[in-house]
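Undergrad: Here's a structure for you.
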Amino acid sequence: MGQIRILLADDHNILRDGMRLLLERQPGFVVVGEAADGRETLQLAQDQRPDVVVMDIAMPNMNGIEATRRIVEKHPNIGVVILSMHHDESYIIRSLKAGARAYLLKDAMKAELISAIEAVVDGRSFFSPKVSRILQEDYFQALGRKDADDSYDLLTDREREILQLIAEGKTNKEVANTLNLSLYTVDTHRTHILQKLNLHSVPELILYAVRKGIIS
Amino acid sequence: MAGFGGLLLIMAAAEAGALLFLNSLRHNDSTLQARFLARNRTLERIRSNIYLSGTFVRDSLLAPEQSGARAQVATLDALRRDSESALTSYAAALEPEEAAPFSNLRSQIESYWNVLNRTLAWSGEERGKYRDAFFYEELVPRRTSMLQIADRIEALNEEALRRGDVKLGDLFGRLQFGLLAMIAVTLLGGAALASLTIFHLLKLEGEVEQRLNENVYSKASLQELSARLVRAQEEERRALSRELHDEVGQAFSAVLMEAENLLDLAAVPEVRAHLESIRGVAAKGMSEIRDMALLLRPSMLDDFGLLPALEWQGREIGKRTGLRVQVASEMSAELPEEHKTCVYRVVQEALNNCAQHAQATAVQVCVRHDAGHILVTVQDDGSGFDPKRVRGLGLLGMEERVRHLGGAFQIDSLPGRGTLLRVTLPLAAIPEQPDVAPSQHEDSSERLWNGGLPYGADSHSAG
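Structure, rendered in structure tokens:
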């Protein structure tokens, strides 16, 4: 595997400088551009075709969530890592729904940032432990509040296996290869899983997996 | 009101005066009558005495002899004394114009008595001899003249009575005039007083109206001021929250990043320890700044809208106090800024009340748009209270916010039965938000930085 090409999107110069230093010291990482707002990010993503965009949410001229939505829509191969100060689930969930595959808080350690970038390049998801905890806390709070029965019990062992692989970012084909199943079978399982858990998209499924502690 | 008192006093005094005056007039009148009658009677006495004496003397002169002379003298003397006393009594209250005729009468009567006395001393022959001559030349003329004088005096007496009547008439006229004058003065005074009073009343009324207008105006400007203060406070909170989050927070995260960079370079354990410490402090500072910013004004309210902000608020209170908060919204689109903030702040205050005072375990928050109104309800299962007696500053602030938007604020609560807060805000139609479709979204993205992230109809639920 060649170098990982990274685009930094944050409206604070000092932060971008620091991040560039940090990432470029990492073997195999190269920062191919820096953007200070959402529009510039879109433009640079178009021009540079990075592997990963490390994106802040609060930016002028289009925020990071909207920029993520547009980049992922146009370039599904570009992975987005959100690096934000916001630690409420409303931001996390919206970022995931917009297509981000990783969500880190700005007090994340260097190791977390590198893991997130690597995971996203692999097509997997990554959440810093704090983010996972936030999502799980809120989930359990909601569970306690609504006395909802745990729909996870409805899943078969095979379905749980597939759920984990999908949540980790594997495509249907990769899942099929890993488990030695036909593509059609995987697709059917996937539909069942979404139905049983009352979910509607892969980001929701990832969210569910994070909350259940299936992935982190 | 002193004017009315004065007027009444004047009227009373004038009437009392008129009554006294009338009384004295009546008294004067009867005195005058009595005096007239008494004088007339005296004159009559004198006159009858003269007649009697004349008759008496004639009878005695016609008698053949002087047989009863002594008795006659005595009788005549009595008549004379009676006349004297009558004259004296009459003289006591003599009118000036009576003086001359009266003294004339008196001297004539005097000499008459003397003449009569003289005749009584006459002998039988003398009587026979002078009798006739005495009758016709002495007695009759004298008597006639005296009676004439008496008549004159009587006429004068009558004249005096008439004059008295005239005088009384004058006095009556004066009384009448005085009464008329008094009526005129009273009427004029009353009219003046009335117009003065009316003028004063109108002035007072004008002042009252002016004061009322001033009150209404100052109340309106007070409300305007308070609305502006609320808006300004909200603006400031928003700005401060953003500033803390975006600037101070980012500065902390830059420090964090730099510490990470140095940690990569530093090999000396002591230096690394210090860097770790810097990292810890910066991370803590960042987290505190973030919480502060959210407390001032949650960024979700501007970034995503009302429901996510309310859900965050519910989660926060739940984490802090264990209160179970359920938020439901049937809003199809985002509210205008002021309504959004108002609903958020009111619910925030209500939730804080539930957690702090109500000992509630569960709260349901519901926001709906219905028939030109936004309906917000917050229902808890807490201890409740008597809304008529408890009116805290928090409730007042909520009510004030709601009133600025022309809404209604209602609390149904009974001790032990929980509390239902109901807020109704008039809002005919929810203005269309900029479309969330990507093609159009670019146009509004500048606003997103300061305004909000699009919060579409895909409201998620916390569960």
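Just so you know, the protein sequences line up as chains R and A, in that order.
In short: position in the first sequence from 1, add 896, done, that's our numbering.
In short: position in the second sequence from 1, add 1469, done, that's our numbering.
Each residue gets a CB set at the ideal place from its N, CA and C atoms; glycine is no exception.
A quick note: this is a predicted structure, and the numbers were derived from the prediction, not measured.
1) Which of the residues in the region 1723 to 1747 of chain A, read from start to end, lie with their CB under 7 Å from any CB of chain R?
2) Alpha carbon to alpha carbon, how far is residue 1782(A) from residue 1689(A)?
3) Less than 8 Å separating the beta-carbons of residue 1523(A) and residue 1596(A)?
4) Considering only their Cβ atoms, is the gap separating residue 1889(A) from residue 1828(A) smaller than 8 Å?
5) If we define contact as Cβ-Cβ less than 8 Å, is residue 1769(A) a contact residue for chain R?
6) With a threshold of 8 Å between beta-carbons, can residue 967(R) be considered close to chain A, or not?
7) Flag residue 1029(R) as yes if its beta-carbon sits less than 8 Å from any beta-carbon of chain A, otherwise no.
8) Below 8 Å on the Cβ atoms is my contact criterion, and I expect residue 1800(A) with residue 918(R) to pass it. Report the Cβ-Cβ distance as a whole number of Å.
9) Nearest chain A C-beta to residue 940(R) closer than 8 Å, yes or no?
10) So residue 1016(R) packs on residue 998(R), CB below 8 Å; how close in whole Å?
11) Give a yes or no on whether the minimum CB-CB distance between residue 1719(A) and chain R is below 8 Å.
12) Which first and last residues belong to the alpha helix (DSSP H) in which residue 997(R) is found?
13) How big is the Cα-Cα spacing for residue 1751(A) and residue 1744(A)?
14) Is the separation between the beta-carbon of residue 1794(A) and that of residue 1775(A) shorter than 8 Å?
15) Quick check: the Cα distance between residue 956(R) and residue 1711(A), rounded to an integer number of angstroms?
16) Return the bridge partner residues of residue 1880(A) from the DSSP annotation.
17) Bridge partners for residue 929(R) per DSSP, in chain order?
18) Determine the DSSP secondary structure at residue 1044(R), reduced to helix, strand or coil.
19) Ignoring anything shorter than 3 residues, give me the beta strand (DSSP E) runs that lie fully in the region 1730 to 1805 of chain A, in order along the chain.
20) Taking only beta-carbon positions, decide if residue 1809(A) is within less than 8 Å of chain R.
21) Between the alpha carbons of residue 1815(A) and residue 1894(A), how many angstroms are there, rounded?
22) Please confirm if the region 1629 to 1644 of chain A is in contact with the region 1493 to 1501 of chain A, defined as three or more CB-CB distances below 8 Å between the two stretches.
23) Whether or not the region 1646 to 1665 of chain A and the region 1084 to 1101 of chain R are in contact is what I'm after, with contact meaning three or more pairs of Cβ atoms, one per stretch, closer than 8 Å; do they touch?
24) With a cut-off of 8 Å, does the C-beta of residue 986(R) fall near any C-beta of chain A?
25) Tell me whether residue 1844(A) sits in a helix, a strand or coil according to DSSP, three-state version.
26) Any C-beta of chain A within less than 9 Å: which residues of the region 1003 to 1033 of chain R qualify?
27) For the alpha helix (DSSP H) that residue 1714(A) lies in, which residues bound it at each end?
28) Could you check what DSSP says for residue 980(R) in three-state terms: helix, strand or coil?
29) By Cβ distance, which residues of its chain are closer than 6 Å to residue 1621(A), with the 5 residues on each side in sequence left out?
30) Using a 10 Å radius around the Cβ and a threshold of 16 neighbouring Cβ atoms, would you call residue 899(R) buried or exposed?
31) Starting from residue 1837(A) and walking both ways along the beta strand (DSSP E), at which residues does that stretch end?
32) From residue 907(R) to residue 936(R), what does the alpha carbon distance come to, in whole angstroms?
33) Starting from the Cα of residue 961(R), find the closest Cα among 978(R), 971(R), 973(R) and give me that residue.
34) At a Cβ cut of 7 Å, what residues of the region 906 to 926 of chain R count as close to chain A, listed as they run along the chain?
35) By the 10 Å Cβ neighbour count, where 16 or more other Cβ atoms means buried, how is residue 1106(R) classified, buried or exposed?
36) Residue range of the beta strand (DSSP E) that residue 951(R) falls in?
TA: In short, the structure shows the following:
1) 1723, 1725, 1726, 1727, 1729, 1730, 1733
2) Counting from one through the second sequence, the residue named residue 1782(A) turns up at place 313. Counting from one through the second sequence, the residue named residue 1689(A) turns up at place 220. Cα to Cα, residue 1782(A) sits roughly 33 Å from residue 1689(A).
3) Residue numbering aside, residue 1523(A) sits at position 54 when the second sequence is read from its first letter. Residue numbering aside, residue 1596(A) sits at position 127 when the second sequence is read from its first letter. No, they are not a contact pair.
4) For the purposes of this step, residue 1828(A) is identified with residue 359 of the second sequence, where counting begins at 1. For the purposes of this step, residue 1889(A) is identified with residue 420 of the second sequence, where counting begins at 1. It is not a contact, given that the beta carbons lie outside the stated cut-off.
5) Along the second sequence, read from residue 1 onward, the residue named residue 1769(A) stands at position 300. Yes, residue 1769(A) lies at the interface with chain R (some Cβ there is under 8 Å from its Cβ).
6) Here residue 967(R) refers to the residue found at position 71 when the first sequence is read from its first residue. Closer than 8 Å: no.
7) For the purposes of this step, residue 1029(R) is taken as residue 133 along the first sequence, with counting starting at 1. Residue 1029(R) does not count as touching chain A.
8) Numbered from 1 along the second sequence, position 331 holds the residue referred to as residue 1800(A). Numbered from 1 along the first sequence, position 22 holds the residue referred to as residue 918(R). With a Cβ gap of about 43 Å, residue 1800(A) and residue 918(R) do not count as contacting.
9) Here residue 940(R) refers to the residue found at position 44 when the first sequence is read from its first residue. No, no contact with chain A.
10) Stepping through the first sequence from its first residue, residue 1016(R) is reached at position 120. Stepping through the first sequence from its first residue, residue 998(R) is reached at position 102. That pair is a contact at about 5 Å.
11) By 1-based counting over the second sequence, the position of residue 1719(A) is 250. Output row for residue 1719(A): interface = yes.
12) On the first sequence, residue 997(R) is found 101 positions in, with the first residue counted as 1. Run containing residue 997(R): none; DSSP gives neither H nor E here.
13) Start at 1 with the first residue of the second sequence, and residue 1751(A) comes out as number 282. Start at 1 with the first residue of the second sequence, and residue 1744(A) comes out as number 275. Answer to the nearest angstrom: the Cα atoms are 10 Å apart.
14) Here residue 1794(A) is taken as the residue at index 325 of the second sequence, counted from 1. Here residue 1775(A) is taken as the residue at index 306 of the second sequence, counted from 1. No, Cβ-Cβ distance for residue 1794(A) and residue 1775(A) is not below 8 Å.
15) Your numbering for residue 956(R) matches position 60 in the first sequence. Your numbering for residue 1711(A) matches position 242 in the second sequence. Looking at the two C-alpha atoms, the distance is approximately 12 Å.
16) What you label residue 1880(A) is simply residue 411 of the second sequence in a count that begins at 1. DSSP lists 1890(A) as partners of residue 1880(A).
17) Numbered from 1 along the first sequence, position 33 holds the residue referred to as residue 929(R). 903(R).
18) Residue numbering aside, residue 1044(R) sits at position 148 when the first sequence is read from its first letter. Confidence in residue 1044(R) is poor, its pLDDT being 49 and thus under 50, which makes the residue's placement unreliable; the coordinate value appears in the next sentence. Coil.
19) 1793 to 1798
20) Sequence index remark: in the second sequence, residue 1809(A) carries index 340 (1-based). Output row for residue 1809(A): interface = no.
21) Taking the first residue of the second sequence as 1, we reach residue 1815(A) at position 346. Taking the first residue of the second sequence as 1, we reach residue 1894(A) at position 425. Rounded to the nearest angstrom, the two C-alpha atoms are 12 Å apart.
22) yes
23) no
24) As a first step, residue 986(R) must be located in the first sequence, where it is residue number 90. Yes, contact with chain A.
25) On the second sequence, residue 1844(A) is found 375 positions in, with the first residue counted as 1. In this structure, residue 1844(A) counts as strand in the three-state DSSP scheme.
26) 1003, 1004, 1005, 1006, 1009, 1033
27) As a first step, residue 1714(A) is located in the second sequence; it is residue number 245 there, counting from the start. Segment: none, residue 1714(A) is in no alpha helix (DSSP H) and carries neither H nor E.
28) Here residue 980(R) refers to the residue found at position 84 of the first sequence. If DSSP states are grouped into helix, strand and coil, residue 980(R) belongs with the strands.
29) For the purposes of this step, residue 1621(A) is taken as the residue at position 152 of the second sequence. Cβ neighbours of residue 1621(A) beyond the five flanking positions: 1570.
30) The count along the first sequence starts at 1 and reaches residue 899(R) at position 3. Flag for residue 899(R) reads exposed.
31) Taking the first residue of the second sequence as position 1, residue 1837(A) is located at position 368. Unbroken beta strand (DSSP E) run through residue 1837(A): 1831 to 1839.
32) Position 11 of the first sequence, counted from the start, is the residue given in the question as residue 907(R). Position 40 of the first sequence, counted from the start, is the residue given in the question as residue 936(R). One C-alpha to the other measures close to 10 Å.
33) Looking up residue 961(R) in the first sequence gives position 65. The shortest Cα separation from residue 961(R) among 978(R), 971(R), 973(R) belongs to 978(R).
34) 908, 910, 911, 914, 915, 917, 918, 921
35) On the first sequence, residue 1106(R) is found 210 positions in, with the first residue counted as 1. Looking at its Cβ environment, which holds 16 or more other Cβ atoms inside 10 Å, residue 1106(R) is buried.
36) Numbered from its first residue, the first sequence carries residue 951(R) at position 55. Counting along the chain, the beta strand (DSSP E) containing residue 951(R) begins and ends at 948 to 951.
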